[in-house]
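Trainee:
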Amino acid sequence: MNSKETRIDTKCVQGGYRPQNGEPRQIPIVQSTTFKYDTSEDMGKLFDLEASGYFYTRLQNPTNDFVAAKICELEGGSAAMLTSSGQAANFYAVFNIATNGDHVVASASIYGGTYNLFAVTMKKMGIEFTFVSPDCTEEELNAAFRPNTKAVFGETIANPALTVLDIEKFAKAAHAHGVPLIVDNTFATPVNCRPFEWGADIVTHSTTKYMDGHGAGVGGAIVDHGCFDWMAHADKFPGLTTPDDSYHGITYAEKFGLGGAFITKCTAQLMRDFGSIQSPQNAFILNLGLESLHVRIKRHCENGLAVAEFLSKNDKVEYVNYCGLPGDKYHALAQKYLPNGSCGVVSFGIKGGRKAAEEFMKHLKIAAIETHVADARSCCLHPASATHRQMSDEELLACGVYPNLVRLSCGLEDKEDLIADLEQALSFVK
Ligand SMILES: *Cc1c(COP(=O)(O)O)cnc(C)c1O
139 MNSKETRIDT
149 KCVQGGYRPQ
159 NGEPRQIPIV
169 QSTTFKYDTS
179 EDMGKLFDLE
189 ASGYFYTRLQ
199 NPTNDFVAAK
209 ICELEGGSAA
219 MLTSSGQAAN
229 FYAVFNIATN
239 GDHVVASASI
249 YGGTYNLFAV
259 TMKKMGIEFT
269 FVSPDCTEEE
279 LNAAFRPNTK
289 AVFGETIANP
299 ALTVLDIEKF
309 AKAAHAHGVP
319 LIVDNTFATP
329 VNCRPFEWGA
339 DIVTHSTTKY
349 MDGHGAGVGG
359 AIVDHGCFDW
369 MAHADKFPGL
379 TTPDDSYHGI
389 TYAEKFGLGG
399 AFITKCTAQL
409 MRDFGSIQSP
419 QNAFILNLGL
429 ESLHVRIKRH
439 CENGLAVAEF
449 LSKNDKVEYV
459 NYCGLPGDKY
469 HALAQKYLPN
479 GSCGVVSFGI
489 KGGRKAAEEF
499 MKHLKIAAIE
509 THVADARSCC
519 LHPASATHRQ
529 MSDEELLACG
539 VYPNLVRLSC
549 GLEDKEDLIA
559 DLEQALSFVK
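Numbering-wise, the working numbering comes out as the position in the sequence shown, counting from 1, plus 138.
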């Protein structure tokens, strides 16, 4: 059966790797840095990108490619690659098309690490970012573009603010300006949302989160939909539409077409030069997580909703952000983009500010304090004193993170136990 004929649950279990007669049932871990060839001509063809094949695991490894192929099928893309982390995935996805002197429009409601990557580190590389509210009007969004804008970036469900991106609105603006929309789909996962179906062009993941799902391996992925026409905007994307001297003058968009140009360039140039490859061991562990992703996500969502409902009725709680709740600001967008559920992460504010939030967290017994989310084990974090520590109060408010905000990632435990734990910890808040 090819992947077009199967549903998402079957793709989670069996996608990407289809063993032939007598081959291993589980994906093999190809624990080898290098690959052997009979002649120098054979190897030369690989270096010219004339033939496909493996030569060095800093660029590509078969284990990684089996797993990338599964994620590609899950998202409905044309090509995909794994990276060593979600940070590497977002950096590569943007840097593959934007360089010194370019500009990118990004939602202000994004992961703190991504914000720092964009606003501080990539800025030093000469790439300017304009951050817009995910709730901005079409006029405000269009006003953020400049002649040198090369991409638009957002998160389906933002970590930790839990805003929901109006993917169609952002895709429409991106395409009107001749640039692709990159969507970080980490929190929703392709089980709950496939951004390509709403107009996104590139999808990224921190596979460290739900995809791995067990807090076992850091990783990332980039998937290309294969529909953005680089040649139609050739002047904006010279890296894809003019010859690459480091590969004897091939032009990616011509040689690899719509479906292959982006990921081939990203592998051949960025992976070659920066080497943020995922280890084949981690890729194997990631695949074990993917095999149960569809089963686990349902449970994470069920627990998330139950906890959000409980918190929203508790008088020590000032506000609850969970787009699955009917009163939530993003409920309507969630019904459109996330009809089967959102994720297991709930954020909420404890009455009494920063101090009360810290006091409450100290008493939790099941949810541990961790810089992590989307794990089988429940965990929680106070972003203002951890991941978002480097931001000023104004910056915190702009990205939807209040000083009393607690981010709780509901794991796969019994929801009644999770609620009982929250209840006893809240009793300590005066
Ligand atoms: C965690 C996270 C990242 C960064 O991923 P790492 O695997 O930790 O490098 C990027 N985006 C989102 C939405 C995340 O939650």
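Note that CB positions come from ideal geometry on N, CA and C, so glycine has one too.
Identify the continuous alpha helix (DSSP H) that holds residue 485 and give its terminal residues.
Mentor: First-last for residue 485: 483-488, but that is the beta strand (DSSP E), not the alpha helix (DSSP H).
Trainee: Which same chain residues end up closer than 7 Å to residue 452 when comparing Cβ atoms and leaving out the 5 residues on each side of it in sequence?
Mentor: These residues qualify, in order along the chain: 564.
Trainee: Would you say residue 322 touches ligand 1, meaning its beta carbon is less than 7 Å from a heavy atom?
Mentor: It does: the Cβ of residue 322 is within 7 Å (strictly closer) of some heavy atom of ligand 1.
Trainee: Quick check: the Cα distance between residue 508 and residue 427, rounded to an integer number of angstroms?
Mentor: The alpha-carbon atoms of residue 508 and residue 427 are separated by roughly 20 Å.
Trainee: Can you say whether residue 556 is buried or exposed, counting buried as having 16 or more other CB atoms within 10 angstroms of its CB?
Mentor: Buried.
Trainee: Tell me, to the nearest whole angstrom, how far the beta carbon of residue 296 is from that of residue 247; I am working on the premise that it is less than 8 Å.
Mentor: Yes, residue 296 and residue 247 are in contact; Cβ-Cβ is about 4 Å, under 8 Å.
Trainee: Quick one: give me the first and last residue of the beta strand (DSSP E) that residue 295 is part of.
Mentor: Looking at the DSSP string, residue 295 is not in any beta strand (DSSP E), and its letter there is neither H nor E.
Trainee: What number of angstroms, rounded off, separates the C-alpha of residue 323 from the C-alpha of residue 273?
Mentor: One C-alpha to the other measures close to 18 Å.
Trainee: What three-state label does DSSP hand residue 434 in the structure shown?
Mentor: In this structure, residue 434 counts as helix in the three-state DSSP scheme.
Trainee: Could you say which of 350, 436, 354 lies nearest to residue 478 if we only look at CA atoms?
Mentor: It is 436 whose Cα lies nearest to the Cα of residue 478.
Trainee: Thinking C-alpha only, which one of 528, 442, 313, 400 is nearest residue 233?
Mentor: Taking only the C-alpha atoms, the option nearest residue 233 is 400.
Trainee: Thinking C-alpha only, which one of 301, 458, 423, 411 is nearest residue 489?
Mentor: The residue with the shortest Cα to Cα distance from residue 489 is 458.
Trainee: What's the C-alpha gap between residue 342 and residue 409?
Mentor: When rounded, the distance between both Cα atoms is 16 Å.
Trainee: Tell me whether the beta-carbon of residue 446 lies closer than 8 Å to the beta-carbon of residue 463.
Mentor: The answer is yes: Cβ separation under 8 Å.
Trainee: In its own chain, which residues sit with a C-beta less than 6 Å from the C-beta of residue 214, not counting the 5 before and 5 after it?
Mentor: Excluding positions up to five away in sequence, the list reads 332, 334.
Trainee: Examine ligand 1 and report whether any of its heavy atoms sits within less than 7 Å of the Cβ of residue 325.
Mentor: Result yes, Cβ under 7 Å from ligand 1.
Trainee: Would you kindly work out how many angstroms separate the C-alpha atoms of residue 163 and residue 267, rounded to a whole number?
Mentor: If I take the Cα positions, the gap works out to 46 Å.
Trainee: Using a Cβ distance threshold of 8 Å, determine whether the segment 464-483 contacts the segment 546-553, with at least three qualifying pairs required.
Mentor: Verdict: yes, contact present.
Trainee: Skipping 5 residues on each side, what residues in its chain have a beta carbon closer than 7 Å to that of residue 175?
Mentor: Contacts found: 181.
Trainee: So, are the CB atoms of residue 223 and residue 344 less than 8 Å apart?
Mentor: Contact flag set, yes.
Trainee: Can you tell me whether residue 252 sits near ligand 1, meaning its C-beta is under 7 Å from at least one heavy atom of the ligand?
Mentor: Correct: residue 252 has its Cβ closer than 7 Å to ligand 1.
Trainee: Any heavy atom of ligand 1 inside 7 Å of the beta-carbon of residue 389?
Mentor: Checking every heavy atom of ligand 1 against the Cβ of residue 389, none is found closer than 7 Å.
Trainee: Taking residue 516 as the reference, which of 326, 336, 441 has the closest Cα?
Mentor: Nearest of 326, 336, 441 to residue 516, Cα basis: 441.
Trainee: Relative to the C-alpha of residue 469, which residue among 353, 302, 529 is closest?
Mentor: Among 353, 302, 529, the Cα nearest to that of residue 469 belongs to 302.
Trainee: Return the CA-CA distance between residue 378 and residue 494, expressed in angstroms with no decimal places.
Mentor: The straight-line gap from Cα to Cα measures roughly 52 Å.
Trainee: Quick one: using the 10 Å Cβ neighbour count with 16 as the cut-off for buried, is residue 201 buried or exposed?
Mentor: Buried, since its Cβ has 16 or more Cβ neighbours within 10 Å.
Trainee: Would you identify the three-state DSSP class for residue 213, choosing helix, strand or coil?
Mentor: The answer is helix: DSSP assigns residue 213 an H, G or I state.
Trainee: Distance, Cα to Cα, residue 294 vs residue 179?
Mentor: Each residue's alpha carbon lies about 46 Å from the other.
Trainee: In angstroms with no decimal places, state the Cα-to-Cα distance between residue 149 and residue 514.
Mentor: Using only the alpha carbons, I get a separation of about 21 Å.
Trainee: Going by the DSSP bridge assignment, what does residue 218 pair with across the sheet?
Mentor: 361.
Trainee: For residue 501, name the three-state secondary structure that DSSP assigns.
Mentor: Residue 501: coil per DSSP, three-state reduction.
Trainee: With 16 as the cutoff for other CB atoms within 10 Å, does residue 263 come out buried or exposed?
Mentor: Residue 263 is exposed by the Cβ-count criterion.
Trainee: What residue ranges within the segment 245-332 form continuous alpha helix (DSSP H) runs of no fewer than 4 residues, ordered along the chain?
Mentor: Counting whole runs of 4 or more residues, the segment 245-332 contains the alpha helix (DSSP H) stretches 250-254, 276-281, 305-314, 327-330.
Trainee: Can you tell me the Cα-Cα spacing of residue 531 and residue 145, whole angstroms?
Mentor: Looking at the two C-alpha atoms, the distance is approximately 45 Å.
Trainee: Within 7 Å: the Cβ of residue 293 and any heavy atom of ligand 1?
Mentor: Answer for residue 293: yes, Cβ within range of ligand 1.
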